[in-house]
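Here is the structure we will look at, set down as structure tokens.
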Amino acid sequence: MKTDVIKIGTHGEGMKEAVQVVSELGDNAGLSPKENLHLQLMTEELLGMMRGITGEYSADWWVEYNGQSFVLKLFAKVNMTQEVRMQFIDASSSKKNEAAKGFMGRLKNAIGAVMVGMDSPAVGASAGLLNMGGPSVYAAEAHTWSLEKYKAVVGEYNSDEANEEWDELEKSIMANIADDVKVSIKGSDVEIGVYKDFSK
10 MKTDVIKIGT
20 HGEGMKEAVQ
30 VVSELGDNAG
40 LSPKENLHLQ
50 LMTEELLGMM
60 RGITGEYSAD
70 WWVEYNGQSF
80 VLKLFAKVNM
90 TQEVRMQFID
100 ASSSKKNEAA
110 KGFMGRLKNA
120 IGAVMVGMDS
130 PAVGASAGLL
140 NMGGPSVYAA
150 EAHTWSLEKY
160 KAVVGEYNSD
170 EANEEWDELE
180 KSIMANIADD
190 VKVSIKGSDV
200 EIGVYKDFSK
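The sequence shown begins at 10 in this note's numbering and counts up by one.
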């Protein structure tokens, strides 16, 4: 089953409604208060993803669900103007970039890096995060990434960088709660899915 689509805006429009929807879904599915809170936290984290990547944007958000299994979906068309592109590159190359702190901040940065073009040296390192969790970034002309695959790749390495990546994962609310997070970027389209089955 699928909920109605809610429009999410740059300034938080639709976020309150989205959290209310998942709270009701959780109650109807018989989730415990803690599980319901986790569902709401994942929703808030997901809806904060597009902030800082672009200027003004509008995204579609909905939930696909079956029993206690949920997929939180966010789809956005990004208007990556030259002005927004340059602002993002400047922010990514700045050591003061607060958005890059933490796993979700870095994932957000990596999505933006792909959007502005991976040949940009200032954002190449950020895009590398996505390369560690998916197949060829040029597969079917779409860039796909999976948190589950990313965890597996990071877990195989024993280096300072990999250990730092793992520390960030352990601190992340999303990485600890979600079964998987999948990102697909094709042209100006960005789709993010957060998967969680509470019945497991």
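Beta carbons: idealized from backbone N, C-alpha and C, even for Gly.
Around the beta carbon of Tyr204, 16 or more other beta carbons sit within 10 angstroms, so the residue counts as buried. Shown here, Tyr166 sits in coil according to DSSP, grouped into three states, outside any helix or strand. Distance from the Cα of Thr19 is smallest, within the candidate group Phe112, Gly57, Lys191, for Gly57. Residues of the same chain with a CB within less than 7 Å of the CB of Ile120, apart from the 5 flanking positions on each side, are Ile62, Val192, Ile194, Val199 in chain order. A straight line joining the alpha-carbon of Tyr66 with that of Arg115 spans about 20 Å. Going by DSSP, Asp36 is part of the alpha helix (DSSP H) stretching over 24-37.
In this structure, Leu48 sits near Val31, with a CB-CB distance shorter than 8 Å.
By a beta-carbon distance limit of 8 Å, Glu165 does not contact Asp189. Their separation comes to about 18 Å. Taking a 10 Å sphere around the C-beta of Ala161, we find fewer than 16 other C-beta atoms and assign the residue as exposed.
Sixteen is the threshold: since fewer than 16 other Cβ atoms of the shown chains lie within 10 Å of the Cβ of Ser168, the residue is exposed. When DSSP states are grouped into helix, strand and coil, Asp13 belongs to the coil group. Spatial neighbours of Lys86 in its own chain (CB-CB distance under 7 Å, excluding positions within 5 residues in sequence) are listed in chain order as Ser197, Asp198.
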